[in-house]
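Protein chains in written order, with my numbering: chain R, 1 to 14; chain C, 1001 to 1264.
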């Protein structure tokens, strides 16, 4: 099944 | 000092209204070239990055680069209190970097309303992303479509299910979903050109077939802001979030980065 990823997986907090 | 003036109903006001269903607080960076805004939605699925160049405003002044956190929902509430024809000024002085002053001036200049809105901490809304120019080349496929069509696709699909699968290859760009009550598949045969026509779907960049699953709730939010513009540009990659972009004038933009769903 599919799960929602978080945007922080792609971009780090500055 | 930072000060910008705009007419009621300007593009900034429209965009702020359209991002409200995702964003409460945003980090705003001001420079002499214009101002940029970054915000994360509360569920950390979407990152919004926009740049308004100084030339889209009636007047714009920024003496020194500055960064501030703004409660966007409160700001929009205040802006809604303006009347048709009002000139709206947003100002922050160096002496007082704790709040932002919003002023409405009636067209005949006989009535002025001043409001102060406290600044907030929004540093967590700044994400480290590489230069856009480098990033765009990382996308496997980029296409443009009329924003009204994008909105229509999202609306049609959300009748059936919460998710959309966007698939792009050389021959077709499709939006599809499958739910308990049935399925929908919307296919577009793309033009292939670097100069997309306003009324058509155009594949501008293609390095290989790609498909992503996205939650329609977030896609509908992207579509909402896009309807303020004629065209929307959508980028897909298996290594990056989906990118939805609208251009503001020559140099400005609104970019939504939406985290996809993955199979576990």
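Just so it is clear, CB atoms sit at the ideal spot from N, CA and C, and this is done for glycine as well. If you're wondering where the values come from, they're calculated on a predicted model, not measured in any experiment.
Per the contact definition of three or more C-beta pairs closer than 8 Å, is the region 1096-1114 of chain C in contact with the region 1192-1211 of chain C?
Here the region 1192-1211 of chain C does not lie against the region 1096-1114 of chain C, with fewer than 3 beta-carbon pairs under 8 Å apart.
Got a sec: is the Cβ-Cβ distance from residue 1163 of chain C to anything in chain B below 9 Å?
Reference to chain B is not applicable here, since the protein chains of this structure are R and C.
Roughly how many angstroms separate the alpha carbons of residue 1203 of chain C and residue 1122 of chain C, rounded to a whole number?
Residue mapping note: residue 1203 of chain C aligns to position 203 of the second chain, counting from 1. Residue mapping note: residue 1122 of chain C aligns to position 122 of the second chain, counting from 1. One C-alpha to the other measures close to 36 Å.
On a Cα-Cα basis, can you pick out the residue from C/1073, C/1026, C/1032, C/1172 that is closest to residue 1054 of chain C?
Position 54 of the second chain, counted from the first residue, corresponds to residue 1054 of chain C. Ranking the options by Cα distance to residue 1054 of chain C, first place goes to C/1032.
Using the beta-carbon of each residue, which ones in chain R are nearer than 7 Å to residue 1129 of chain C?
As a first step, residue 1129 of chain C must be located in the second chain, where it is residue number 129. For residue 1129 of chain C, the chain R residues whose Cβ falls inside 7 Å of its Cβ are 11, in order along the chain.
Helix, strand or coil for residue 1217 of chain C? Go by DSSP, reduced to three states.
Here residue 1217 of chain C is taken as the residue at index 217 of the second chain, counted from 1. Look at residue 1217 of chain C here: in three-state DSSP terms it is helix.
Answer yes or no: do residue 1168 of chain C and residue 1236 of chain C have a C-beta to C-beta separation smaller than 9 Å?
Counting from 1 along the second chain, the entry for residue 1168 of chain C is found at position 168. Counting from 1 along the second chain, the entry for residue 1236 of chain C is found at position 236. Going by C-beta atoms, residue 1168 of chain C is nearer than 9 Å to residue 1236 of chain C.
Contact the region 1124-1134 of chain C vs the region 1071-1084 of chain C: 3+ CB pairs below 8 Å
Touching, no.
Can you round the beta-carbon distance between residue 1028 of chain C and residue 1088 of chain C to whole angstroms, since I take them to be within the 8 Å contact cut?
As a first step, residue 1028 of chain C is located in the second chain; it is residue number 28 there, counting from the start. As a first step, residue 1088 of chain C is located in the second chain; it is residue number 88 there, counting from the start. The Cβ separation is near 16 Å, so there is no contact.
Who are the neighbours of residue 1259 of chain C on chain R, taking C-beta pairs under 9 Å?
Working through the second chain from its first residue, we reach residue 1259 of chain C at position 259. Residues of chain R whose Cβ lies closer than 9 Å to the Cβ of residue 1259 of chain C are, in chain order, 4, 5, 6, 7, 8, 9, 10.
Starting from the C-beta of residue 1160 of chain C, find all residues in its chain whose C-beta is less than 8 Å away, skip the five residues before and the five after it, and write them out in chain order.
Taking the first residue of the second chain as 1, we reach residue 1160 of chain C at position 160. So the qualifying residues of the chain are 1177, 1178, 1179, 1181, 1182, 1183, 1184.
Please decide whether residue 1044 of chain C counts as near chain R, where near means a Cβ-Cβ distance under 9 Å.
Against the second chain, residue 1044 of chain C aligns to sequence position 44. Cβ-Cβ to chain R under 9 Å: yes for residue 1044 of chain C.
Determine, using beta carbons only, whether residue 1058 of chain C comes closer than 9 Å to chain R.
Taking the first residue of the second chain as position 1, residue 1058 of chain C is located at position 58. For residue 1058 of chain C, the answer is no, since every Cβ of chain R falls outside 9 Å of its Cβ.
Do we get a CB-CB distance below 9 Å when we pair residue 1051 of chain C with the residues of chain R?
Position 51 of the second chain holds residue 1051 of chain C. By this cut-off, residue 1051 of chain C is not an interface position.
What residues in its chain sit with their C-beta under 7 Å from that of residue 1098 of chain C, if we drop five residues either side in the sequence?
Here residue 1098 of chain C corresponds to residue number 98 of the second chain, with the count starting at 1. The answer, listed in chain order, is 1118, 1119.
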